[in-house]
Amino acid sequence: MKKCLGKFLLSGVSFAIFSSMQFAYAENGFANEKTDVLFEIKQSNKASVEILDKVNTINDFKEGLLALRVEVSTAEDTAATETKAQGVINSIAAPNFNATIDKNGTGFYIITTVEGLAEIIKSENVLSVNSAVGKVQSTTSHTPSSYVYAPNDAKPAKDYTGKGVTVAVIDTGVNTSHVQIQGKIVKELCFLTTDLNSITATAYMNKVKTYGPDFGDCPNGKNFDDSKGASEDFNGHGSNVTGIIAAQPSTAKDAAPAGGAPDVNIVSIRAVNNKGGANNQDITRALKKLVTDPTLQDVKVINMSIANSLVNPSDCDAISKNDYTDAINELVSQGKTVIVSSGNDAATTGEGFPSCLSKTLSVAAHSATPINNLKLFQNFNCYHENGMTTDDISCFSNIGPSTDLVAPGVNVLSLGLATGANPTTTRSDFSGTSQAAPAVSACVARMLEKDPTLTPAAIKNYLQNSGKYITKPNDKDFYIPKMDCDAAIDMVNAMVKKP
1 MKKCLGKFLL
11 SGVSFAIFSS
21 MQFAYAENGF
31 ANEKTDVLFE
41 IKQSNKASVE
51 ILDKVNTIND
61 FKEGLLALRV
71 EVSTAEDTAA
81 TETKAQGVIN
91 SIAAPNFNAT
101 IDKNGTGFYI
111 ITTVEGLAEI
121 IKSENVLSVN
131 SAVGKVQSTT
141 SHTPSSYVYA
151 PNDAKPAKDY
161 TGKGVTVAVI
171 DTGVNTSHVQ
181 IQGKIVKELC
191 FLTTDLNSIT
201 ATAYMNKVKT
211 YGPDFGDCPN
221 GKNFDDSKGA
231 SEDFNGHGSN
241 VTGIIAAQPS
251 TAKDAAPAGG
261 APDVNIVSIR
271 AVNNKGGANN
281 QDITRALKKL
291 VTDPTLQDVK
301 VINMSIANSL
311 VNPSDCDAIS
321 KNDYTDAINE
331 LVSQGKTVIV
341 SSGNDAATTG
351 EGFPSCLSKT
361 LSVAAHSATP
371 INNLKLFQNF
381 NCYHENGMTT
391 DDISCFSNIG
401 PSTDLVAPGV
411 NVLSLGLATG
421 ANPTTTRSDF
431 SGTSQAAPAV
441 SACVARMLEK
451 DPTLTPAAIK
461 NYLQNSGKYI
471 TKPNDKDFYI
481 PKMDCDAAID
491 MVNAMVKKP
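Numbering (the UniProt record's numbering), first residue to last: 1 to 499.
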């Protein structure tokens with residue numbers, strides 16, 4: 001439940017579609033012969049700001065690759081719309097790969113060059129071209145060693161610790177060798193196409209010729225892997241996130257705090273690359289796997305600490321009709337709760353995709369402990385001049401009409417990457433809405449242990465009606481409920497007794 005006070009929101013504005021772009025690509029390092037094509041792209045009202053920003057960073061016009069999601073105009077039926085999409089794909093003369101049309105035919109994913117982008121936006125059947133790349137939503141904290149870390153707010157309760165509940169974590173993977181996660185990972189999966197920022201179009205084409213179209217960055221050299229070690233983490237983000245949910249209690253020196261639901265089972269899905277970038281096709285394939293695989297139907301909670309940087313001023317269901325959205329909606333219809341970070345762009349009028357979808361449970365961040373002096377979030381370009389109370393939404397959190405809940409996401413200590421002298425006992429501290437989402441996932445697991453019949457809607461209702469409303473300092477337009485996990489569990493049907 002959200003409250004909006006005194007702010008007019010342009011709910012009809014479509015995300016990532018702008019008619020006026022303030023860029024001057026010909027003056028930013030591009031050779032003169034590229035100006036004509038780039039000028040056409042710059043003037044288009046179809047290409048998103050994210051795509052234009054990406055074009056501006058490509059050093060070699062013909063070699064740089066872009067992962068795109070293209071929306072086409074609808075026809076009288078799905079088949080006719082799909083024909084339009086296929087026609088756009090067939091018209092692209094520039095190198096392109098992995099073109100995949102949505103099942104409703106309204107758009108497609110494709111990897112192509114800047115030249116391909118220029119061809120796509122010329123089509124009269126194309127409505128918009130958006131980035132198909134997201135990112136994880138946190139940053140490593142740099143906290144003085146004297147800082148006192150507190151367990152995250154979704155701390156283990158005496159009676160409910162997530163026993164019998166399975167949580168899927170879609171992220172960079174997990175440090176499978178860490179002593180505090182042993183016995184918790186029941187399944188590993190990897191969905192990783194090749195990182196387009198690390199390969200040229202020529203090299204990509206050569207790999208397709210050598211290894212076939214399904215080559216990728218999973219441990220087996222393919223874009224899918226379900227073997228042991230498939231979700232091994234080489235970034236650290238996923239290990240931190242997974243530990244917030246499921247880390248085992250330990251009395252060892254320098255151990256990470258126990259996770260919020262240490263008795264859960266974890267399905268670890270590596271669909272974010274080593275640099276923290278996520279291809280929307282990979283995320284969609286992971287979600288579809290959770291929808292259709294009979295061996296994964298025990299999963300009741302899906303944690304996605306992922307978002308793009310495009311801020312949507314309201315629920316984005318109407319402008320996000322694609323396979324990614326369909327998969328999330330199908331999971332929710334199956335009774336699974338999808339928990340997503342709201343993003344770290346410091347927005348005060350909306351949030352990124354997919355947390356803007358109405359069927360997700362969108363989470364912003366606050367600090368679980370007071371901070372009494374200036375708190376600077378350098379990576380997020382924002383700060384709290386007078387410190388933070390536990391009732392302050394963090395300055396970096398995206399908040400808006402779609403934001404459902406606030407949970408701890410500042411200086412969260414958890415499992416670390418398998419590096420250094422003791423790779424099995426490392427820990428890390430991160431700040432971000434990425435850390436707030438798994439705190440909620442842990443709480444939901446505890447609620448489901450108490451009552452396995454809870455629906456996603458009931459879970460959201462309990463969480464939103466059991467906590468106090470808080471705001472960002474100096475911005476009182478949105479009041480969002482702060483998670484009180486124990487209170488939410490107490491609200492769950494009192495007739496349900498722990499065996």
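The C-beta atom is built at its ideal place from N, Cα and C for all residues, glycine as well.
What does a CB cutoff of less than 6 Å around residue i pick up in its chain, not counting 5 residues either side in sequence?
{"i": "Asn-32", "result": "Annotation note: pLDDT 31 at Asn-32 (below 50); position unreliable, no value reported."}
{"i": "Tyr-149", "result": "At Tyr-149, the pLDDT of 32 sits below 50, so the modelled position is not reliable; the number obtained from the coordinates is stated separately. Answer for Tyr-149: Leu-413, listed in chain order."}
{"i": "Asn-197", "result": "none"}
{"i": "Met-304", "result": "Ile-170, Val-340"}
{"i": "Glu-188", "result": "Ala-230, Ser-231, Ser-268"}
{"i": "Lys-184", "result": "Ala-246, Ile-266"}
{"i": "Thr-424", "result": "Ser-177, His-178, Val-179"}
{"i": "Gly-162", "result": "Ala-261, Asp-263, Val-264, Ala-445, Arg-446, Glu-449"}
Span of the beta strand (DSSP E) holding residue i?
{"i": "Ile-269", "result": "265-270"}
{"i": "Gly-107", "result": "107-113"}
{"i": "Val-72", "result": "65-72"}
{"i": "Tyr-160", "result": "Careful: Tyr-160 lies outside any beta strand (DSSP E) and carries neither H nor E."}
{"i": "Asn-98", "result": "96-101"}
{"i": "Asn-279", "result": "277-279"}
What does residue i pair with, by DSSP beta-bridge criteria?
{"i": "Cys-218", "result": "Answer is none; Cys-218 lacks a bridge partner."}
{"i": "Cys-190", "result": "Asp-225, Arg-270"}
{"i": "Tyr-469", "result": "Pro-481"}
{"i": "Val-291", "result": "Val-291 is not bridged to any residue."}
{"i": "Ala-256", "result": "Ala-256 is not bridged to any residue."}
{"i": "Thr-251", "result": "Thr-251 pairs with nothing; no bridge assigned."}
{"i": "Ala-132", "result": "Ala-132 pairs with nothing; no bridge assigned."}
{"i": "Cys-316", "result": "Note: Cys-316 sits in no beta bridge, so no partner."}
{"i": "Tyr-383", "result": "Leu-376"}
{"i": "Asn-396", "result": "Strictly speaking, residue 396 in this sequence is Phe, with Asn absent from that position. Bridge partners of Phe-396: none, in fact."}
{"i": "His-366", "result": "Ile-393, Pro-408"}
{"i": "Val-169", "result": "Ser-268, Asn-303"}
{"i": "Thr-337", "result": "Val-301"}
{"i": "Leu-413", "result": "Asp-429"}
{"i": "Leu-127", "result": "DSSP lists no partner for Leu-127."}
Check each candidate in the options and name the one with the smallest Cα separation from residue i.
{"i": "Thr-295", "options": "Val-338, Gln-281, Leu-463, Ala-168", "result": "Ala-168"}
{"i": "Thr-403", "options": "Ala-94, Asp-315, Ala-261", "result": "Asp-315"}
{"i": "Ala-286", "options": "Gly-276, Leu-331, Pro-313", "result": "Leu-331"}
{"i": "Asn-96", "options": "Glu-115, Ala-407, Asn-125", "result": "Glu-115"}
{"i": "Cys-443", "options": "Asp-263, Lys-46, Pro-370, Gly-107", "result": "Asp-263"}
{"i": "Ile-92", "options": "Thr-74, Leu-117, Asn-273", "result": "Leu-117"}
{"i": "Thr-349", "options": "Gly-64, Ile-89, Leu-310", "result": "Leu-310"}
{"i": "Cys-190", "options": "Gln-435, Thr-200, Pro-219, Leu-361", "result": "Pro-219"}
{"i": "Met-483", "options": "Leu-463, Asp-477, Asn-493, Asp-490", "result": "Leu-463"}
{"i": "Glu-253", "options": "Arg-427, Asn-461, Glu-76", "result": "Strictly speaking, residue 253 in this sequence is Lys, with Glu absent from that position. It is Arg-427."}
{"i": "Gly-164", "options": "Leu-448, Ile-470, Asn-130", "result": "Leu-448"}
{"i": "Asn-329", "options": "Ser-434, Ala-457, Asn-206", "result": "Ala-457"}
{"i": "Ala-94", "options": "Ser-239, Gln-435, Thr-112, Ser-466", "result": "Thr-112"}
{"i": "Thr-337", "options": "Leu-127, Gln-297, Asn-98, His-237", "result": "Gln-297"}
{"i": "Ser-333", "options": "Pro-354, Val-363, Lys-300, Cys-356", "result": "Lys-300"}
{"i": "Ser-250", "options": "Asp-77, Val-55, Gln-182, Asn-98", "result": "Gln-182"}
I need the boundaries of the alpha helix (DSSP H) containing residue i, first residue and last residue.
{"i": "Asp-429", "result": "Unbroken run through Asp-429 is the beta strand (DSSP E), 427-431; no alpha helix (DSSP H)."}
{"i": "Thr-83", "result": "78-90"}
{"i": "Thr-202", "result": "201-211"}
{"i": "Ser-239", "result": "237-246"}
{"i": "Val-332", "result": "323-333"}
{"i": "Pro-408", "result": "That residue, Pro-408, is in no alpha helix (DSSP H); its beta strand (DSSP E) goes 405-408."}
{"i": "Lys-460", "result": "456-464"}
Short of 7 Å in beta carbon distance, which residues of its chain neighbour residue i, apart from the five on each side in sequence? Order them along the chain.
{"i": "Ala-24", "result": "Only weak support is given to the placement of Ala-24: the predicted model assigns it a pLDDT of 27, under 50, and the question is left unresolved by the model."}
{"i": "Ile-58", "result": "Gly-64, Val-114"}
{"i": "Ala-75", "result": "Thr-81, Lys-84"}
{"i": "Val-129", "result": "Lys-46, Ala-47, Ser-48, Ile-51, Leu-68, Val-70, Leu-117, Ile-120, Ile-121"}
{"i": "Ala-132", "result": "Ala-67, Leu-68, Arg-69, Tyr-109, Asn-279, Asn-280, Gln-281"}
{"i": "Asn-372", "result": "Gly-387"}
{"i": "Ile-459", "result": "Thr-337, Val-444, Met-447"}
{"i": "Ser-355", "result": "Ala-307, Val-340, Ser-341, Ser-342, Gly-343, Ser-362, Ser-402"}
Excluding sequence positions up to five away, which residues of its chain have a Cβ less than 8 Å from the Cβ of residue i?
{"i": "Asp-326", "result": "Asp-102, Lys-103, Asn-104"}
{"i": "Asp-475", "result": "Thr-348"}
{"i": "Ser-227", "result": "Glu-188, Pro-219, Asn-220"}
Report the CB separation of residue i from residue j in whole angstroms; it is logged as a contact under 8 Å.
{"i": "Glu-398", "j": "Gly-343", "result": "Glu is not the amino acid found at residue 398; the sequence shown has Asn there. About 4 Å separates the two Cβ atoms, so the contact holds."}
{"i": "Ala-368", "j": "Thr-390", "result": "6 Å"}
{"i": "Ala-346", "j": "Phe-396", "result": "5 Å"}
{"i": "Leu-361", "j": "Pro-481", "result": "About 11 Å separates the two Cβ atoms, so there is no contact after all."}
{"i": "Ala-261", "j": "Ile-306", "result": "With 8 Å as the limit, Ala-261 and Ile-306 do not qualify as a contact, their Cβ atoms being about 20 Å apart."}
{"i": "Thr-193", "j": "Asn-223", "result": "5 Å"}
{"i": "Gly-352", "j": "Asn-379", "result": "Their Cβ separation, rounded to whole angstroms, is 16 Å, which puts Gly-352 and Asn-379 out of contact at 8 Å."}
{"i": "Asn-125", "j": "Ser-73", "result": "5 Å"}
Can a CB atom of chain B be found closer than 7 Å to the CB of residue i?
{"i": "Val-88", "result": "No chain B is present in this structure, which holds just one protein chain."}
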